[in-house]
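Notes follow once the structure below has been shown.
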Amino acid sequence: FTPVYEVVTMHYAKNCSKSKYCSVVVGDHDGVVQLFSVKRGEIQLGFKTLPGDKITRLHLGGALGNPQDKIFVSSKNEVRGYTKKGKLFLGFETNLTETIRSMAVSG
Numbered sequence: 001f002t003p004v005y006e007v008v009t010m011h012y013a014k015n016c017s018k019s020k021y022c023s024v025v026v027g028d029h030d031g032v033v034q035l036f037s038v039k040r041g042e043i044q045l046g047f048k049t050l051p052g053d054k055i056t057r058l059h060l061g062g063a064l065g066n067p068q069d070k071i072f073v074s075s076k077n078e079v080r081g082y083t084k085k086g087k088l089f090l091g092f093e094t095n096l097t098e099t100i101r102s103m104a105v106s107g
């Protein structure tokens with residue numbers, strides 16, 4: 001049995017309450033990054049990127065003391081950053097020959 005859809009990495013907003021919405025960010029083997037929001041039981045798609053190389057790591061970041069609303073993903077030797085609306089604000093390739101397997105975001 002081969003799964004049709006396999007999640008590689010996922011993060012969610014930690015400060016969910018009944019009056020606000022919760023967000024979930026998913027990166028998959030097809031290189032697609034998706035942001036879903038859940039508000040009052042309704043699921044809404046925030047954004048979805050085009051397929052690319054397999055997402056190997058996904059982390060949330062943002063200014064200290066504020067919500068983590070920036071999305072950082074890695075695939076092969078590339079790191080990309082997206083806003084919560086799906087706009088690409090950062091993209092660079094490292095000089096590594098191996099695939100990025102771990103990543104940390106501070107601030």
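Going by UniProt numbering, the sequence shown opens with residue 1, and the numbers climb by one from there.
For each residue, glycine too, the CB sits at the ideal point set by N, CA and C.
* **Distance, residue 92 Cα to residue 78 Cα** => Distance between the alpha carbons of residue 78 and residue 92: 6 angstroms.
* To do: Determine the DSSP secondary structure at residue 3, reduced to helix, strand or coil.
  => Note that residue 3 has pLDDT 48, beneath the 50 cutoff, so the model's placement of it is unreliable and no number is given.
* Asked: Quick one, which of 84, 88, 56, 65 has its alpha-carbon nearest residue 102's?
  -> That would be 56, whose Cα lies nearest to the Cα of residue 102.
* Exposed or buried, what is residue 1 when buried is set at 16 or more other beta-carbons lying within 10 Å of its beta-carbon? -> Note on residue 1: pLDDT 44, under 50, position unreliable in the model; no value is reported.
* Measure the alpha-carbon distance for residue 46 versus residue 95 and round it to whole angstroms. => Going from the Cα of residue 46 to the Cα of residue 95 covers about 32 angstroms.
* **Contact under 8 angstroms by Cβ, residue 9 with residue 58** => If you check the CB distance, residue 9 and residue 58 come in under 8 angstroms.
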